[in-house]
Structure formats: structure tokens, C-alpha cells
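Note sheet for the following structure.
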Amino acid sequence: MDHSPHTTEPVWEDQHQLLADLAVGDLRDGLDIRPTMVAFDAAGSLFLATVRPFDKGRHHDAIIEVGALAMALRANRLAISLGGRAWSRDDPIPPVLPDVGDLRQRVLVVHSVEAAAGRPECRTTVWPVRGERGDDDVSLGDPVASDDGVGWVIDAMSIMVDPRNQEDVDEEEIGQQVIRCDRLGHQLAWSGPGLVRLDRAMTAHFGGPWLAGEAA
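Per the numbering used here, residue -19 is the first one in the sequence shown, and the count goes up by one each step.
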């Protein structure tokens, strides 16, 4: 876990750009886009989580693991970045050829939900990826945003931020969830109010003053 404070406290309105920048960094390093979630509560930023690796199509458990921590912290805003592929709706068969490979457009998708003003509001933004993994000039094209996002991920996130689904959780249990996420392989970076919540949770879990590294 990264417990170091950020020099500038994150702002919710900047998170789409942050997730886009992190995705481009992954691609330039020759990696697939690593799913990354940011969580905010009413007071501000809680954490940024690089989601643990998972097999293709088996993202559900990994997202739920981080989402459960966000729910325990009463997050009311979440955003997650995911790599994917897109193709024209005019072509009912995805252009994936055995001898050629996957010809679908590589894209970055960011789903975000906000429940700060009541009922969760959902938004999905898609960027086409320009260039190939490992290229220094790989970039993102113009984004396309939609307020009618559908699918399991955005439905799950809407449930996570809905206060009707968030139960009161004591600090020790939050500490246990933090340790569980860390041991499962999620990389958590804390900032703003999240650092205060982390300190309280880990102090409660260990029964006394807590220092970074004791949860390893």
C-alpha cells in the first residue's frame, strides 16, 4: 500500500483526465490498460486503487473487492477505467480473425457514478486509442460521452454509492477490508480524507498507534 500523501489534494472533476493519463502511461510502457478506480466521499478524495490482475472476462470479483471497501467508507462518487475493444454496430460479427488477430478498435472506457445529490447519476466516456502499445507517441482520440451507460460495471457502481445500500461499519472492520484488498493484490494509494480514515481504521485494527508497513 502507498500511504504517502499527495502534494495536491485530488479534485473529483480532474479524475477522468487522471485516469486517461494513467492509461496512456500503461500503453506507452507496453502494458494493457490496468483497471483503476478512484473513490470520493462528501469530504473529498478517499483512495485510488489499481485493481488486481484478473483473467479476461473475470473482472467481477476484483471490482467487487475494491467496491466493498468504497462502500464501507461511504463513498458517494466512484470512477473506474477499463481497457476494451469496440466495433461498428453495423457489423454484427466482431472482426476477430484467427490468422490476423483482433481488428477491433482499442479503447479506454471510464465509467463514473455520483450520488452526492441523491439518486446515482451515471456517465460513460470512451476514448479511441491511437497507436500501438509500447510506442512513445501512443495517445487517445476525442472522447465520446454518454449519460445512459449500461452494463454490469456501471450497475454495480451505482449500487455501491447508493446510501441505502451502505451499512454502518466500524473502523476495525474497515481496517480488515484494507488489509484484505492489499493481500489480494490491489494497489491502494490514499489521499485527503482517505488518509484520515486509513489511520483511524488501522489504529483500530491493531489496537494502538499504527505505522505504515505494519499491515504487510
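Think of the CB as a built atom: it goes at the ideal place given N, C-alpha and C, for glycine as much as any other residue.
Query: If you compare alpha carbons, which of E112, M51, G111 and E101 is closest to R144?; Result: M51
Query: Let me make sure I understand the geometry here. Which of G24, V124, T105 and A169 has the alpha-carbon closest to that of S61?; Result: T105
Query: With a CB to CB cut of under 6 Å and the five nearest residues on each side skipped, what residues in its chain are close to V80?; Result: Note that V80 has pLDDT 49, beneath the 50 cutoff, so the model's placement of it is unreliable and no number is given.
Query: Does DSSP put A66 in a helix, in a strand, or in coil?; Result: strand
Query: Would you call the segment 104 to 119 and the segment 83 to 93 touching, i.e. three or more CB-CB distances under 8 Å?; Result: yes
Query: Starting from F186 and walking both ways along the alpha helix (DSSP H), at which residues does that stretch end?; Result: P173 to F186
Query: What residues match up with F20 in a beta bridge as DSSP calls it?; Result: S25 and R57
Query: Could you pull out every residue in the same chain whose Cβ sits closer than 6 Å to the Cβ of H39, ignoring the five residues on either side in sequence?; Result: none
Query: In chain order, what are the residue ranges of uninterrupted beta strand (DSSP E) at least 3 long that sit wholly in the segment 82 to 150?; Result: 85 to 94, 101 to 110 and 124 to 126
Query: Can you say whether G200 is buried or exposed, counting buried as having 16 or more other CB atoms within 10 angstroms of its CB?; Result: Summary: the structure shown does not reach residue 200, with the chain confined to residues -19 through 196, and so no result is reported for it.
Query: Cα-Cα, which of Q157, L175, D122 and C102 is closest to I134?; Result: C102
Query: So who's on the other strand from W170, going by DSSP bridges?; Result: F27
Query: What number of angstroms, rounded off, separates the C-alpha of A125 from the C-alpha of G187?; Result: 46 Å
Query: Classify V31 as buried or exposed, calling it buried when 16 or more other Cβ atoms lie within 10 Å of its own Cβ.; Result: buried
Query: Any idea what DSSP makes of D162, helix, strand or coil?; Result: helix
Query: Using the C-alpha atoms, what's the distance from D115 back to W170?; Result: 30 Å
Query: Leaving out five residues before and five after A42 in sequence, what residues of the same chain have Cβ atoms less than 6 Å from its Cβ?; Result: V31, R32 and F34
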